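First up is the structure itself, then whatever we jot down about it.
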Amino acid sequence: QQQVKQSPQSLIVQKGGISIINCAYENTAFDYFPWYQQFPGKGPALLIAIRPDVSEKKEGRFTISFNKSAKQFSLHIMDSQPGDSATYFCAAFPTSGTYKYIFGTGTRLKVLA
Amino acid sequence: DTGVSQDPRHKITKRGQNVTFRCDPISEHNRLYWYRQTLGQGPEFLTYFQNEAQLEKSRLLSDRFSAERPKGSFSTLEIQRTEQGDSAMYLCASSHRSGSTDTQYFGPGTRLTVL
Numbered sequence: 105q106q107q108v109k110q111s112p113q114s115l116i117v118q119k120g121g122i123s124i125i126n127c128a129y130e131n132t133a134f135d136y137f138p139w140y141q142q143f144p145g146k147g148p149a150l151l152i153a154i155r156p157d158v159s160e161k162k163e164g165r166f167t168i169s170f171n172k173s174a175k176q177f178s179l180h181i182m183d184s185q186p187g188d189s190a191t192y193f194c195a196a197f198p199t200s201g202t203y204k205y206i207f208g209t210g211t212r213l214k215v216l217a
Numbered sequence: 221d222t223g224v225s226q227d228p229r230h231k232i233t234k235r236g237q238n239v240t241f242r243c244d245p246i247s248e249h250n251r252l253y254w255y256r257q258t259l260g261q262g263p264e265f266l267t268y269f270q271n272e273a274q275l276e277k278s279r280l281l282s283d284r285f286s287a288e289r290p291k292g293s294f295s296t297l298e299i300q301r302t303e304q305g306d307s308a309m310y311l312c313a314s315s316h317r318s319g320s321t322d323t324q325y326f327g328p329g330t331r332l333t334v335l
């Protein structure tokens, strides 16, 4: 069964600190890994995404690191701000056989002012 | 705003009633997805349309659930004889596959509460 495991479940970071969220997958047939940010009562919003042919992608304060051999990828939020407080989901899109995203269970991030 | 829209945003119903939700995807997107999200969990896939064809359905989509996408534009998700366990956020997403990338854009969701 295809799964994406996400950790930690919750995270508290001081303003200006680095938030790190990790995901691991168990199926090699994924070829697209997006991260979504979700605020309470809202739908998930695409934050940043990576394909497995690169090891890192950076957009502003957000960076994805990808380790293909370990089947792991992580989101780093630099200079974390209170406005970053939200739930973050990693996801994986299979290469073939299905069109659905496989989502992680989410990480609730709180950035203290 | 040309994002994915959903209607209604909130729905409260009594057990046993039927409900219908609507999703309007981004206009140039030919793929449309329905997901269900319960509190503290990630979205779970329900079904997928490419244009008007329903190409994939999850086992979560019991026979009380039906989805349509007439003319390949908007989509509706109907739940018949609602149960308390149906209470959740129902999310719609749309995409237009480019190469091997399929970036899904989500709507704001419809929160269903079954009393």
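The listed protein sequences correspond, in order, to chains A and B.
Counting from 105, one number per residue, gives the positions in the first sequence under this note's numbering.
Counting from 221, one number per residue, gives the positions in the second sequence under this note's numbering.
We put the beta carbon where it would ideally sit given N, CA and C, even for glycine.
Note that this is a predicted model, so its numbers are computed, not measured.
Listed along chain A, the residues sitting closer than 9 Å to B:E276 by beta-carbon distance are T202, Y203, K204. Not a single C-beta of chain B is nearer than 8 Å to the C-beta of A:T132. Scanning the segment 133-211 of chain A from its first residue to its last, the whole beta strand (DSSP E) runs of 3-plus residues come out as 134-142, 149-154, 160-163, 166-171, 176-181, 190-198. Within the segment 235-259 of chain B, the residues whose Cβ lies closer than 9 Å to some Cβ of chain A are R251, Y253, Y255, Q257, listed in chain order. Against chain B, the CB of A:T211 has no partner CB under 8 Å away; the residue lies outside that interface.
Counting the other CB atoms within 10 Å of its CB gives A:F143 a total below 16, which places it among the exposed residues.
The C-alpha of A:G147 is placed about 10 Å away from the C-alpha of B:S225.
In the three-state scheme derived from DSSP, where H, G and I count as helix and E and B as strand, B:D322 is classed as coil.
Proximity of A:P138 to chain B, defined by a Cβ-Cβ separation below 8 Å, is satisfied. According to the DSSP assignment, B:T240 belongs to the beta strand (DSSP E) that extends over 239-244.
By the C-beta criterion, the segment 126-136 of chain A is judged to be in contact with the segment 199-209 of chain A, since at least 3 inter-stretch pairs fall below 8 Å. Among the CB atoms of chain B, none fall inside 8 Å of the CB of A:F177. For A:K109, the beta-bridge partners assigned by DSSP are A:A128. In this structure B:L335 does not touch B:Y310 by the C-beta definition: roughly 17 Å separates them, more than the 8 Å allowed. B:G223 and B:R301 have their C-alpha atoms some 31 Å from each other. Counting every other CB atom within 10 Å of its CB across the protein chains shown gives A:I168 a total of 16 or more, marking it as buried. Within 10 angstroms of the beta-carbon of A:G210 lie 16 or more other beta-carbons, which makes it buried. For B:G262, the neighbours in chain A by C-beta distance under 7 Å run, in chain order, F193, F207, G208, T209, G210. Per DSSP, reduced to three states, the secondary structure at B:D227 is strand. Considering only B:Q237, B:E272, B:Y255, the residue with the shortest C-alpha distance to B:E303 is B:Q237. Contact annotation: B:P263 and B:S314 have beta-carbon atoms that are not nearer than 8 Å.
Residues of chain A whose Cβ lies closer than 9 Å to the Cβ of B:G327 are, in chain order, G147.
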